[in-house]
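Chemist:
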Amino acid sequence: MKTARIPATGQEFTIGKIVCLARNYAEHARELGNETPAAPVLFMKPASSVIADGETVRIPAYSQECHYEVELAVLIGSRAQAVSAEEAMACVAGYGVAIDMTLRDVQNQLKAKGLPWDVAKGFDSACPLSDFVPATAVPDPHNLNLRLAVNGELRQNGSSADMIHRVPGIISHVSGIFTLEPGDIILTGTPAGVGQVLAGDVMAAEISGVGNLRIAVR
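Going by our numbering, the letters in the sequence shown line up with residues 1 to 218, in that order.
1. Report the three-state DSSP secondary structure of S49 (helix, strand or coil).
2. Drop a sphere of 10 angstroms on the beta-carbon of M1, count the other beta-carbons inside from all chains shown, and report buried for 16 or more, exposed for fewer.
3. Can you name, in chain order, every residue of its own chain whose Cβ lies under 7 Å from the Cβ of L187, other than the five neighbours on each side?
4. Which residue from A39, S208, I6, N143 puts its Cα closest to that of I76?
5. Please name the residue in V83, A39, T14, Y25 whose C-alpha comes closest to that of P46.
6. Determine the closest residue to E181 out of G211, I171, N151, with distance taken between C-alpha atoms.
7. Which partner residues of A22 appear in the DSSP bridge assignment?
8. Near T3, what residues of its chain come up, given a Cβ to Cβ distance below 7 Å and the 5 sequence neighbours on each side ignored?
9. Please classify R23: is it buried, with 16 or more other beta-carbons within 10 angstroms of its beta-carbon, or exposed?
10. Please work out which residues of its chain come closer than 8 Å, Cβ to Cβ, to W117, disregarding the five sequence neighbours upstream and downstream, and give them in chain order.
11. Kindly indicate which residue of H67, I51, V57 has the alpha-carbon position closest to the one of G195.
12. Does the beta-carbon of D184 have 16 or more other beta-carbons within 10 angstroms, so that it is buried, or is it exposed?
13. So which of L198, T179, V92 has the shortest CA-CA distance to D140?
14. For S159, tell me which candidate among T102, G189, R104, V57 has the shortest Cα-Cα distance.
15. Along the chain, where does the beta strand (DSSP E) that runs through I76 open and close?
16. Could you check whether S175 and A80 sit closer than 8 Å to each other, using their CB atoms as the reference points?
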């Protein structure tokens, strides 16, 4: 059982579903040769894919190209079913740092065949996740700096201001499809600069005012 913690309040949630947005930053969509979507593009990761700060991503034997994607994580604290954008923020318990690990070669092969690509996103250790800060500690989740370095070299340096779909709208959209429950997590997409990591690398991810992660790769 995986848990999401908010140390400042002592709250702890059993992680449920992890709903992720693809292509929510225009520059990232362009760098992968994808169109910018009109509506949120969603996929999911299982709770079993979560690892904590200081743990290790293990690249599966079936992939030769594992990529990092730093993301703002939104922790749901109360049940949300078809909520409006105006009501959505009342459902947020906290914010954290996530790295959406992606087996890019596997994903591209499956996409080319028109097949689902869950195995490229949901493998064990595919979701490094920090502790969370209370929602009240982040006055504006759309004014945050997201950074990721590999072996001390800065690779991603973006702003949540560049999100195409913003948090209230994301929660409203997702809750109209899946009922969101306490402990569910939404990953809100990644800025440009994604790339490959190899065994022996160390990733350091940080979001201003939210937290950081240090994750080794094996």
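Note that CB positions come from ideal geometry on N, CA and C, so glycine has one too.
Modeler: On the basis of the supplied data:
1. Numbered from 1 along the sequence shown, position 49 holds the residue referred to as residue 49. The answer is helix: DSSP assigns S49 an H, G or I state.
2. As a position in the sequence shown, residue 1 is number 1, starting the count at 1. Per the 10 Å Cβ criterion, exposed.
3. Numbered from 1 along the sequence shown, position 187 holds the residue referred to as residue 187. The residues are I18, C20, L21, E71, A73, A98, D100.
4. Counted from its first residue, the sequence shown places residue 76 at position 76. Nearest option by C-alpha distance: I6.
5. Here residue 46 corresponds to residue number 46 of the sequence shown, with the count starting at 1. For P46, the nearest C-alpha among the options comes from T14.
6. Numbered from its first residue, the sequence shown carries residue 181 at position 181. Ranking G211, I171, N151 by Cα distance to E181 puts I171 first.
7. For the purposes of this step, residue 22 is taken as residue 22 along the sequence shown, with counting starting at 1. Note: A22 sits in a beta bridge opposite V41.
8. Counting from one through the sequence shown, the residue named residue 3 turns up at place 3. Taking T3 as the centre and dropping the five residues before and after it, the same chain places the C-beta of E12, F13, T14, I15 closer than 7 Å to its C-beta, in chain order.
9. Reading the sequence shown from its first residue, position 23 is the one you call residue 23. By the 10 Å Cβ count, R23 comes out buried.
10. Position 117 of the sequence shown, counted from the first residue, corresponds to residue 117. The beta carbon of W117 sits closer than 8 Å to those of F43, V106, Q107, L110, K111, all from its chain and outside the five residues before and after it, given in chain order.
11. Locating residue 195 in the sequence shown gives position 195, counting from the first residue. That would be H67, whose Cα lies nearest to the Cα of G195.
12. As a working note, residue 184 is residue 184 in the sequence shown. Taking all protein chains in view, the Cβ of D184 is crowded by 16 or more other Cβ atoms within 10 Å, so the residue is classified as buried.
13. Residue mapping note: residue 140 aligns to position 140 of the sequence shown, counting from 1. When L198, T179, V92 are compared, the shortest CA-CA separation from D140 is found for V92.
14. Counting from one through the sequence shown, the residue named residue 159 turns up at place 159. For S159, the nearest C-alpha among the options comes from G189.
15. For this step, residue 76 is matched to residue 76 along the sequence shown. Secondary structure note for I76: its beta strand (DSSP E) is the uninterrupted segment 70-76.
16. Sequence index remark: in the sequence shown, residue 80 carries index 80 (1-based). Sequence index remark: in the sequence shown, residue 175 carries index 175 (1-based). It is a contact, given that the beta carbons lie within the stated cut-off.
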